[in-house]
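A.B. asks: Residue numbers (my numbering), protein chains in the order written: chain A, 927 to 1406; chain B, 927 to 1406.
There are 2 protein chains.
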Amino acid sequence: MLRAVPLALTLLVCLAAPLESATLAPADLKTAAALRERALKGTEAWETVASLSTEVGPRLAGSEGDRAAVAWALDRMKAAGLANVRTQDVMVPQWVRGSIAVSILEPWPQHLVATALGGSVGTPEEGIEADVVQVPDIEALRALTRSEVEGKIVFINRRMERTRDGTGYGQAVVGRTQGANAAAPLGALAVVIRSIATGSERFAHTGTVTYRIDIPRIPAVALAAADADVLERQVATGKPVRLSLKLGSRDLPQVRSANVIGEIPGSDAAGEIVLLGAHLDSWDLGTGALDDGAGVAIVMEAARLVLEMKLNPRRTLRVVLYANEEFGLSGANVYANLGPEDLARHVLAMEADLGAGPVWRLDSRVADDALPMVHAIAGALEPIGVEVGKNTMEGGSDIGPLRRQGVPVLSLQHDAARYFDYHHTLNDTLDKVDRKALDQSVAAYAVAAYLAANAPADFGRLPPQPQQAPAPATAPAARR
Amino acid sequence: MLRAVPLALTLLVCLAAPLESATLAPADLKTAAALRERALKGTEAWETVASLSTEVGPRLAGSEGDRAAVAWALDRMKAAGLANVRTQDVMVPQWVRGSIAVSILEPWPQHLVATALGGSVGTPEEGIEADVVQVPDIEALRALTRSEVEGKIVFINRRMERTRDGTGYGQAVVGRTQGANAAAPLGALAVVIRSIATGSERFAHTGTVTYRIDIPRIPAVALAAADADVLERQVATGKPVRLSLKLGSRDLPQVRSANVIGEIPGSDAAGEIVLLGAHLDSWDLGTGALDDGAGVAIVMEAARLVLEMKLNPRRTLRVVLYANEEFGLSGANVYANLGPEDLARHVLAMEADLGAGPVWRLDSRVADDALPMVHAIAGALEPIGVEVGKNTMEGGSDIGPLRRQGVPVLSLQHDAARYFDYHHTLNDTLDKVDRKALDQSVAAYAVAAYLAANAPADFGRLPPQPQQAPAPATAPAARR
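Encoded structure:
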């Protein structure tokens, strides 16, 4: 998953605690080059995604698959030779997608391919039938009057732009997360959105809807692009378009899940931690091979190669596979609930959660004086096509709670041009994972993590930042 | 749809009734060039597919959509200015896909994306649970003994090759049509196949299963490629793999549907017919934009352009939109049930049923002496990239019954390299239809039809051929 970040936040950035400028040791850079070349020769990362896809499959927070994934991760980490392999309890929501039936009733009946947005309430058992009011985006919806919306189903027909860095997603996704909040106060009965996605294969793309606590909850579903097209073309005739929507989604009580953690203990600075994160949960539709099986495999394999090559990094390399990223960042929030001392031990955090495309840019958010070290890391990745990015990096859902408490971050940007073709769909499966691109990613993470763990200085601290979510809201994790 | 043709048939070919060699008139070739250029400027074919996709959608034989499609076609033909617009009654089977649930139970539980093969019987209400026996193809299945198969579910894991001419389909599809017939005598409880398809988007591809009348019927379903992959990988571990299959497919009584026919009456040879066919029905999953909405649009638009340009062809151009191609060629068989006199009036038949890719080759099956005319037609299409093909053409499901009674045929081959990514799936939707490629196809059909209608001689007769289907069999159309 990827979350939208208010632009304002990126303008508020100022970095605290400047350090003495330091650079990386030539011996470490030489070792990193060997590590990189080792990864490019072929890793076990693809086999790890294959194993997770085959032996676990979908692993929605709170589901049977989620429990199987935790057991799988413990086994894999131990088999890889990581130390201190353990779980950390996390309570997670348990939402059930249920069945869905969306049809155009008039003027020309058709069944539409649709899926519930994650966290959506269901409809009454008999369903909802109502006329459609189409808007091009959420801003246009907000400009409507109650008389234009009341008693209707709102259709947000926003298209997403395809970009290498995935920024089109952030621009479009507000219609998914906030569409229900914008429509319900105007008296809408439900919200139907064009999937926040690129590509035109006929899959509906799920993802969370965020209900505000002070606004009535209405069902929220996404249509496949081809079905949004059909609806759009029927609306374009000017005839009234009537929809039927039946949705069986519901919440069950919270259940226990877990972050899964393993380490390569550091040599002379074992008390300091370089964190490599990914999330173990997935949506329930696909097998989560890209989101975030690839990330899981990349960070586990990066650590395994460091072990295989007996590199004994100075700082501790900690792999954290987070519980429930998709549905409220439960694992990330539990993990980051640290005292000041434990927090201070986190020298740097990285996260892999943008699919399996090759890494093409190294973004960061570190103290200015640490930038030469970031540039030296980027230099070690230049032979595999990685360029230096910006030091105002904001993404990284699972490491966000650490970053907002001052922990510096590195972010290896994967080529995401195709990612949103598959993201949050049935179609997120192993065949979309390219073995070579995955090995390149492993090389990038392994090198970055190793060099950070051996860096002569730390990466400073970031000024504390506010939480992302606009108040007053109920995060999905808080719902029952 | 596309059907496999036994290789032996193509070897039996000998053409009867040689004619005086004739060639096309320069004036006609000049007119044809103008027609071609007119089409390339932009036609209404895409709008026709859009209209069919939007206002009708799926139109499985016997369904509400099928009835709507007949009404739509009558309206469109009249609006296009065709004469003698009419229906021809056709009784069609009425098969209901019903719900499906396919899961791996052991060793690692997963739900699989699957769909019933067309015509499949359902399972008992409680479903079937059994171990899987995997085979690479139907030949390997036939080599198994009863003790290896009895009480099991057979998994035919045959991959299809991607080719421009679609021949990979013919090679692979026997596992779909005949898999149940091969498995049931060995005591199998059901057949599960890897979809006969190219591409790896997660769609199950339907298509008919053909039950032999002397063999017990067992349920037959197709898995999406990614799900066949999961099953294959679980089988590859050597652990016993257990499947659960619940399928609600069933047959209802036959109902009335119709071929829809319209004409451009010929000028001085109105009694002779050049037939342009496509099929109006589709599978129930997608909106049948490619199969065969594109074909419907191409042949209707080819005729409309001939009218628009007031070309007054010598022979009658007849557009036939066939009922129920997918499920037993009901419409084609009814249409071809002609007396010798009516049959003799059919000078040539063409059919568009291979998607919306551009036309790249002109195949034929005409008397040898008529080949110069075919080559002249191909010459008129050379500027749009069409090459001369073979005169042993065998395809063309809907014109097959005419061909087997001696009617010569032309076949414009569409580039089918991507066709089997979408074929018979949910994903057969309008966005897969490229406007430019469709216009090129219209140009090709319009030119070929016009030149054939004005040709100075006819195309001879073919020797009668046997039926395609191996006996003893029940064609789907015969089932109730």
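Positions of the beta carbon are idealized from the N, C-alpha and C atoms, including for glycine. Since this is a predicted model, take the numbers as computed values, not measurements.
Measuring CA to CA, which of V1312/A, S989/A and D1294/A is closest to T1318/A?
C.D. replies: Considering only alpha carbons, the answer is D1294/A.
A.B. asks: List the endpoints of the continuous beta strand (DSSP E) containing H1301/B.
C.D. replies: No beta strand (DSSP E) holds H1301/B; the alpha helix (DSSP H) holding it covers L1297 to L1307.
A.B. asks: Check the Cβ-Cβ distances between A1223/A and every residue of chain B, and say whether any is below 8 angstroms.
C.D. replies: So, not an interface residue.
A.B. asks: Could you give the first and the last residue of the continuous alpha helix (DSSP H) run that contains D954/B?
C.D. replies: Here the alpha helix (DSSP H) through D954/B covers P952 to L966.
A.B. asks: S1290/A and L1336/A look like a contact to me (Cβ under 8 angstroms); what is the Cβ gap, rounded to whole Å?
C.D. replies: That pair is a contact at about 5 angstroms.
A.B. asks: Listed in chain order, which residues of the region 1059-1091 of chain A have Cβ atoms closer than 7 angstroms to some Cβ of chain D?
C.D. replies: The structure shown contains no chain D; the protein chains it does contain are A and B.
A.B. asks: Once DSSP output is grouped into helix, strand and coil, what is the label at M1226/B?
C.D. replies: Here M1226/B sits in helix by DSSP.
A.B. asks: For N1353/A, which of helix, strand or coil comes out of DSSP?
C.D. replies: The answer is coil: DSSP assigns N1353/A none of H, G, I, E or B.
A.B. asks: Thinking C-alpha only, which one of K967/B, T1041/B, T1124/B and R1002/B is nearest G1094/B?
C.D. replies: Taking only the C-alpha atoms, the option nearest G1094/B is T1124/B.
A.B. asks: I need the straight-line Cα distance from R1002/A to A1146/B, nearest angstrom please.
C.D. replies: So the alpha carbons of these two residues sit roughly 37 angstroms apart.
A.B. asks: Which residues in chain B sit within 8 angstroms of L1352/A, going by Cβ to Cβ distance?
C.D. replies: Per Cβ cutoff of 8 angstroms: V1039 and R1128.
A.B. asks: Ignoring anything shorter than 4 residues or poking outside the region 1089-1127 of chain A, list the alpha helix (DSSP H) runs there in chain order.
C.D. replies: The qualifying runs are 1093-1098 and 1100-1109.
A.B. asks: How would you label T1163/B, buried or exposed, when you count the other beta carbons within 10 angstroms and need 16 or more for buried?
C.D. replies: Exposed, since its Cβ has fewer than 16 Cβ neighbours within 10 Å.
A.B. asks: Select from E1267/A, D1324/A and D1365/A the residue whose C-alpha is nearest the C-alpha of Y1261/A.
C.D. replies: Ranking the options by Cα distance to Y1261/A, first place goes to D1324/A.
A.B. asks: Is the shortest distance between the beta-carbon of D1357/A and the beta-carbons of chain B less than 8 angstroms?
C.D. replies: Closer than 8 angstroms to some Cβ of chain B, the Cβ of D1357/A qualifies, so yes.
A.B. asks: Going by C-alpha distance, which of L950/A, G988/A, R1068/A and A1220/A is nearest E973/A?
C.D. replies: The shortest Cα separation from E973/A among L950/A, G988/A, R1068/A and A1220/A belongs to A1220/A.
A.B. asks: Rounded to whole angstroms, what's the CA-CA distance from Q1331/B to V1018/B? Just pull it up for me.
C.D. replies: Q1331/B and V1018/B: Cα-Cα distance of roughly 22 angstroms.
A.B. asks: Using DSSP with H/G/I as helix, E/B as strand and the rest coil, what is V1047/A?
C.D. replies: V1047/A: coil per DSSP, three-state reduction.
A.B. asks: Please classify I1079/A as buried or exposed, where buried requires at least 16 neighbouring CB atoms within 10 angstroms.
C.D. replies: When all chains shown are included, I1079/A counts as buried.
A.B. asks: Mind listing the chain A neighbours of W1034/B? Cutoff is C-beta to C-beta under 9 angstroms, in chain order.
C.D. replies: Ordered by position in chain A, the residues that pass the 9 angstroms Cβ test against W1034/B are T980, E981, V982, G983 and A994.
A.B. asks: Check whether the Cβ atoms of A948/A and M1299/A sit closer than 8 angstroms, and answer yes or no.
C.D. replies: Taking 8 angstroms as the Cβ cut-off, A948/A and M1299/A qualify as a contacting pair.
A.B. asks: Excluding five sequence neighbours on each side, which residues of the same chain lie with their C-beta closer than 7 angstroms to the C-beta of D1341/B?
C.D. replies: Contacts found: R1090, G1283, P1284 and W1286.
A.B. asks: Out of curiosity, what's the CA-to-CA distance linking L1247/B and G1315/A?
C.D. replies: Spanning the two alpha carbons is a distance of roughly 58 angstroms.
A.B. asks: Tell me, please, which residues DSSP counts as bridged to N1263/A.
C.D. replies: DSSP, once it has assigned bridges, lists no residue as partnering N1263/A.
A.B. asks: From the DSSP output, which residues share a beta bridge with S1290/B?
C.D. replies: Looking at the DSSP assignment, S1290/B forms a beta bridge with L1336/B.
A.B. asks: Spell out whether any CB of chain B is found under 8 angstroms from the CB atom of V1100/A.
C.D. replies: By this cut-off, V1100/A is not an interface position.
A.B. asks: Going by C-alpha to C-alpha distance, which of L1171/A, L1211/A, I1187/A and E1158/A sits closest to T1132/A?
C.D. replies: The residue with the shortest Cα to Cα distance from T1132/A is L1211/A.
A.B. asks: My understanding is that A1374/B touches L955/B, with C-beta atoms under 8 angstroms, so please give their C-beta distance in whole angstroms.
C.D. replies: Actually they are not in contact, since the Cβ atoms of A1374/B and L955/B sit about 12 angstroms apart, beyond 8 angstroms.
A.B. asks: For chain B, check one thing: does any of its Cβ atoms lie closer than 8 angstroms to the Cβ of V1167/A?
C.D. replies: With 8 angstroms as the cut-off, V1167/A does not count as an interface residue toward chain B.
A.B. asks: Report the rounded CA-to-CA distance for A1152/A versus L1288/A, giving the unit in angstroms.
C.D. replies: Each residue's alpha carbon lies about 36 angstroms from the other.
A.B. asks: Which residue wins for smallest C-alpha separation from G991/B, given the options A999/B, V982/B and A1130/B?
C.D. replies: The candidate whose alpha carbon is nearest that of G991/B is V982/B.
A.B. asks: So the candidates are S1193/A, L1070/A and S989/A; which of them puts its Cα closest to the Cα of N1238/A?
C.D. replies: That would be S1193/A, whose Cα lies nearest to the Cα of N1238/A.
A.B. asks: By how many angstroms is the C-alpha of L1178/A removed from the C-alpha of Q1020/A?
C.D. replies: About 5 angstroms.
A.B. asks: Unbroken beta strand (DSSP E) runs of length 3 or more, entirely within the region 1119-1201 of chain A: which are they?
C.D. replies: Runs found: 1146-1149, 1168-1173 and 1176-1190.
A.B. asks: Classify R1230/B: buried if its beta carbon has 16 or more other beta carbons within 10 angstroms, exposed otherwise.
C.D. replies: The residue is buried, with at least 16 neighbouring Cβ atoms inside 10 Å.
A.B. asks: My assumption, with CB atoms under 8 angstroms, is that L1233/B sits in contact with A1006/B. Please give the rounded CB distance.
C.D. replies: Going by Cβ atoms, the distance from L1233/B to A1006/B rounds to 7 angstroms, so yes, they are a contact pair.
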